[in-house]
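What follows is a set of notes on a single structure, which appears directly below.
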Amino acid sequence: NSACVREAAVKGLAMISEKGNRNVVLAMAELVEEERAITVRSAALQALTRVAERGDEVAVAPVLKLLRRVEGTERGDFFSPHLSPIISKNAAKALGSLAEYGDLKALKALHLRVLDDPNPVVREAAARALGSIANMGDRQVIFALTICLEDEDEGVRRSAMRSLKSLKKKEKDDRSLSDLLAEEDDMLEWYATWLWLVSLAWDC
(Lines of atoms letter the chains of each structure in order from A and count residues from 1; the text may use other names and numbers.)
(Lines give C-alpha, C1' and ligand atoms only; values in the text may rest on other atoms or scores of the structure.)
Protein backbone atom coordinates (compact mmCIF):
# COMPACT_ATOMS: atom_id res chain seq x y z
CA ASN A 1 0.00 0.00 0.00
CA SER A 2 3.04 2.27 -0.27
CA ALA A 3 3.17 5.26 -2.61
CA CYS A 4 5.68 3.46 -4.84
CA VAL A 5 3.33 0.50 -5.30
CA ARG A 6 0.34 2.77 -6.02
CA GLU A 7 2.36 4.81 -8.50
CA ALA A 8 3.45 1.66 -10.35
CA ALA A 9 -0.15 0.42 -10.40
CA VAL A 10 -1.39 3.70 -11.87
CA LYS A 11 1.26 3.71 -14.59
CA GLY A 12 0.64 0.07 -15.44
CA LEU A 13 -3.12 0.56 -15.63
CA ALA A 14 -2.69 3.54 -17.93
CA MET A 15 -0.51 1.53 -20.29
CA ILE A 16 -2.95 -1.37 -20.70
CA SER A 17 -6.22 0.62 -20.74
CA GLU A 18 -8.03 1.60 -23.90
CA LYS A 19 -8.71 5.23 -24.68
CA GLY A 20 -11.98 6.33 -23.10
CA ASN A 21 -12.20 3.53 -20.51
CA ARG A 22 -14.74 5.04 -18.10
CA ASN A 23 -13.76 3.05 -15.03
CA VAL A 24 -10.11 3.99 -15.38
CA VAL A 25 -10.92 7.64 -16.10
CA LEU A 26 -13.10 7.80 -12.98
CA ALA A 27 -10.41 6.13 -10.87
CA MET A 28 -7.66 8.47 -12.11
CA ALA A 29 -9.86 11.54 -11.64
CA GLU A 30 -10.51 10.49 -8.05
CA LEU A 31 -6.78 10.07 -7.41
CA VAL A 32 -6.06 13.51 -8.88
CA GLU A 33 -8.54 15.04 -6.47
CA GLU A 34 -7.87 13.06 -3.29
CA GLU A 35 -4.42 11.41 -3.42
CA ARG A 36 -1.85 12.97 -1.07
CA ALA A 37 1.34 11.39 -2.41
CA ILE A 38 2.88 13.68 -5.03
CA THR A 39 4.27 10.82 -7.12
CA VAL A 40 0.93 9.00 -7.27
CA ARG A 41 -1.00 12.18 -8.02
CA SER A 42 1.43 13.07 -10.80
CA ALA A 43 1.11 9.58 -12.26
CA ALA A 44 -2.68 9.90 -12.19
CA LEU A 45 -2.49 13.23 -14.05
CA GLN A 46 -0.31 11.66 -16.72
CA ALA A 47 -2.60 8.63 -16.89
CA LEU A 48 -5.62 10.84 -17.57
CA THR A 49 -3.91 12.29 -20.64
CA ARG A 50 -3.43 8.75 -21.99
CA VAL A 51 -6.86 7.34 -21.18
CA ALA A 52 -9.37 10.22 -21.20
CA GLU A 53 -10.74 11.77 -24.37
CA ARG A 54 -10.18 15.47 -24.94
CA GLY A 55 -13.08 17.42 -23.50
CA ASP A 56 -14.08 14.73 -20.98
CA GLU A 57 -15.48 16.79 -18.11
CA VAL A 58 -14.88 14.00 -15.60
CA ALA A 59 -11.16 14.23 -16.38
CA VAL A 60 -10.95 18.00 -16.83
CA ALA A 61 -12.80 19.06 -13.66
CA PRO A 62 -10.31 17.81 -11.02
CA VAL A 63 -7.34 19.02 -13.07
CA LEU A 64 -8.88 22.46 -13.44
CA LYS A 65 -9.59 22.56 -9.71
CA LEU A 66 -5.88 22.15 -8.97
CA LEU A 67 -4.98 25.24 -10.99
CA ARG A 68 -7.63 27.66 -9.77
CA ARG A 69 -6.93 30.34 -7.24
CA VAL A 70 -8.00 29.94 -3.63
CA GLU A 71 -10.58 32.67 -3.13
CA GLY A 72 -12.25 34.51 -0.32
CA THR A 73 -9.33 34.76 2.09
CA GLU A 74 -8.40 37.76 4.20
CA ARG A 75 -5.19 38.08 2.20
CA GLY A 76 -7.06 38.05 -1.09
CA ASP A 77 -6.76 35.50 -3.88
CA PHE A 78 -3.65 33.36 -4.07
CA PHE A 79 -2.55 29.97 -5.32
CA SER A 80 -2.79 27.16 -2.80
CA PRO A 81 0.40 27.10 -0.69
CA HIS A 82 -0.13 23.39 -0.08
CA LEU A 83 0.12 22.42 -3.75
CA SER A 84 3.50 21.20 -4.96
CA PRO A 85 4.97 22.99 -8.00
CA ILE A 86 5.40 19.53 -9.52
CA ILE A 87 1.66 18.92 -9.27
CA SER A 88 0.87 22.39 -10.64
CA LYS A 89 3.23 21.80 -13.56
CA ASN A 90 1.75 18.39 -14.36
CA ALA A 91 -1.78 19.75 -13.99
CA ALA A 92 -1.03 22.51 -16.51
CA LYS A 93 0.43 19.97 -18.93
CA ALA A 94 -2.57 17.68 -18.47
CA LEU A 95 -5.02 20.52 -19.05
CA GLY A 96 -3.31 21.26 -22.35
CA SER A 97 -4.03 17.68 -23.42
CA LEU A 98 -7.51 17.29 -21.93
CA ALA A 99 -9.39 20.58 -22.27
CA GLU A 100 -11.47 21.34 -25.34
CA TYR A 101 -10.00 23.86 -27.75
CA GLY A 102 -11.13 27.30 -26.66
CA ASP A 103 -12.34 26.13 -23.22
CA LEU A 104 -12.73 29.46 -21.43
CA LYS A 105 -12.33 28.07 -17.90
CA ALA A 106 -9.16 26.21 -18.83
CA LEU A 107 -7.75 29.21 -20.69
CA LYS A 108 -8.43 31.47 -17.71
CA ALA A 109 -6.70 29.10 -15.29
CA LEU A 110 -3.66 28.77 -17.55
CA HIS A 111 -3.61 32.52 -18.23
CA LEU A 112 -3.38 33.24 -14.49
CA ARG A 113 -0.65 30.66 -14.02
CA VAL A 114 1.47 31.79 -16.94
CA LEU A 115 1.51 35.38 -15.67
CA ASP A 116 1.29 35.06 -11.89
CA ASP A 117 2.68 31.72 -10.73
CA PRO A 118 5.94 32.29 -8.80
CA ASN A 119 7.51 29.06 -10.04
CA PRO A 120 9.04 29.14 -13.56
CA VAL A 121 8.42 25.44 -14.24
CA VAL A 122 4.69 26.05 -13.76
CA ARG A 123 4.74 29.16 -15.97
CA GLU A 124 6.60 27.20 -18.64
CA ALA A 125 4.05 24.36 -18.61
CA ALA A 126 1.15 26.83 -18.67
CA ALA A 127 2.65 28.68 -21.65
CA ARG A 128 2.93 25.45 -23.60
CA ALA A 129 -0.60 24.36 -22.64
CA LEU A 130 -2.05 27.69 -23.78
CA GLY A 131 -0.65 27.08 -27.23
CA SER A 132 -2.31 23.67 -27.29
CA ILE A 133 -5.89 24.71 -26.53
CA ALA A 134 -6.19 28.38 -27.55
CA ASN A 135 -8.13 29.27 -30.65
CA MET A 136 -6.22 31.09 -33.36
CA GLY A 137 -6.55 34.82 -32.98
CA ASP A 138 -7.25 34.69 -29.22
CA ARG A 139 -5.96 38.14 -28.32
CA GLN A 140 -5.74 37.53 -24.57
CA VAL A 141 -3.62 34.42 -25.05
CA ILE A 142 -1.41 36.10 -27.64
CA PHE A 143 -0.86 39.08 -25.35
CA ALA A 144 -0.06 36.85 -22.34
CA LEU A 145 2.40 34.79 -24.36
CA THR A 146 3.98 37.95 -25.76
CA ILE A 147 4.56 39.19 -22.21
CA CYS A 148 6.16 35.82 -21.44
CA LEU A 149 8.76 36.50 -24.13
CA GLU A 150 10.24 38.92 -21.57
CA ASP A 151 10.13 36.41 -18.69
CA GLU A 152 13.33 36.10 -16.64
CA ASP A 153 13.33 32.33 -17.16
CA GLU A 154 14.63 30.98 -20.47
CA GLY A 155 12.33 27.96 -20.38
CA VAL A 156 9.26 30.18 -20.09
CA ARG A 157 10.44 32.36 -22.97
CA ARG A 158 11.09 29.32 -25.14
CA SER A 159 7.69 27.77 -24.42
CA ALA A 160 5.94 31.07 -25.10
CA MET A 161 7.66 31.36 -28.48
CA ARG A 162 6.76 27.77 -29.38
CA SER A 163 3.12 28.40 -28.49
CA LEU A 164 3.02 31.58 -30.55
CA LYS A 165 4.47 29.67 -33.50
CA SER A 166 1.92 26.91 -32.93
CA LEU A 167 -0.92 29.43 -33.02
CA LYS A 168 0.51 30.89 -36.21
CA LYS A 169 0.45 27.44 -37.83
CA LYS A 170 -3.23 27.10 -36.94
CA GLU A 171 -3.96 30.28 -38.83
CA LYS A 172 -5.42 29.45 -42.26
CA ASP A 173 -8.39 31.43 -43.50
CA ASP A 174 -9.16 33.78 -40.60
CA ARG A 175 -7.49 37.10 -39.91
CA SER A 176 -3.72 36.77 -40.14
CA LEU A 177 -2.11 36.11 -36.77
CA SER A 178 0.94 37.99 -37.96
CA ASP A 179 -1.14 41.18 -37.93
CA LEU A 180 -2.11 40.53 -34.32
CA LEU A 181 1.48 39.83 -33.35
CA ALA A 182 2.54 43.02 -35.11
CA GLU A 183 0.09 44.95 -32.94
CA GLU A 184 1.52 43.36 -29.80
CA ASP A 185 5.06 44.11 -31.06
CA ASP A 186 4.07 47.77 -31.42
CA MET A 187 2.80 47.76 -27.84
CA LEU A 188 6.03 46.19 -26.56
CA GLU A 189 8.09 48.67 -28.59
CA TRP A 190 6.15 51.55 -27.08
CA TYR A 191 6.72 50.10 -23.59
CA ALA A 192 10.45 49.70 -24.24
CA THR A 193 10.67 53.29 -25.48
CA TRP A 194 8.86 54.51 -22.38
CA LEU A 195 11.29 52.63 -20.12
CA TRP A 196 14.21 54.15 -22.02
CA LEU A 197 12.83 57.67 -21.58
CA VAL A 198 12.27 57.04 -17.88
CA SER A 199 15.86 55.85 -17.52
CA LEU A 200 17.12 59.02 -19.24
CA ALA A 201 15.06 61.19 -16.92
CA TRP A 202 16.36 59.25 -13.93
CA ASP A 203 19.97 59.77 -15.04
CA CYS A 204 19.35 63.50 -15.27
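With positions in the sequence shown counted from 1, the corresponding number in our numbering is that position plus 26.
In this text, a Cβ means the ideal position worked out from N, Cα and C, and glycines have one as well.
It should be emphasised that the depicted structure is a prediction, and the values quoted were computed from it without experimental measurement.
### Task
Examine the Cβ distances between the segment 52-59 and the segment 81-89 and report whether three or more of them are shorter than 8 Å.
yes
*asked:* Let me see if you follow: with CB-CB separation under 7 Å, is C174 close to chain C or not?
replied: Annotation note: the requested chain C is absent from the structure, which comprises a single protein chain.
Worksheet item: Secondary structure at E150, three-state DSSP: helix, strand or coil?
Response: helix
Using a Cβ-Cβ cutoff of less than 7 Å, which residues in the same chain neighbour V140 once the five nearest sequence positions on both sides are dropped? R149, A152, A153, L156, A170 and C174
### Query
Ends of the alpha helix (DSSP H) at D142?
L130 to D142
For this session: Tell whether a beta-carbon distance below 7 Å holds between R67 and A40.
Result: no
| Leaving out five residues before and five after G181 in sequence, what residues of the same chain have Cβ atoms less than 8 Å from its Cβ? | P146, V147 and E150
With DSSP run on the structure shown, which of helix, strand or coil describes R48? helix
For a quick check, are the C-beta atoms of G46 and E83 less than 7 Å apart?
no
ask   = I159 and Y127: beta carbons closer than 7 Å?
value = yes
(request) Note down, in chain order, each residue of its chain lying with its Cβ closer than 6 Å to the Cβ of A29, except the 5 sequence neighbours on either side. (result) A63, T65 and V66
Just how far apart, CA to CA, sit K194 and R184?
15 Å
message = Measuring alpha carbon to alpha carbon, tell me which residue in I113, L124, G38 and I42 is nearest L74.
response = L124
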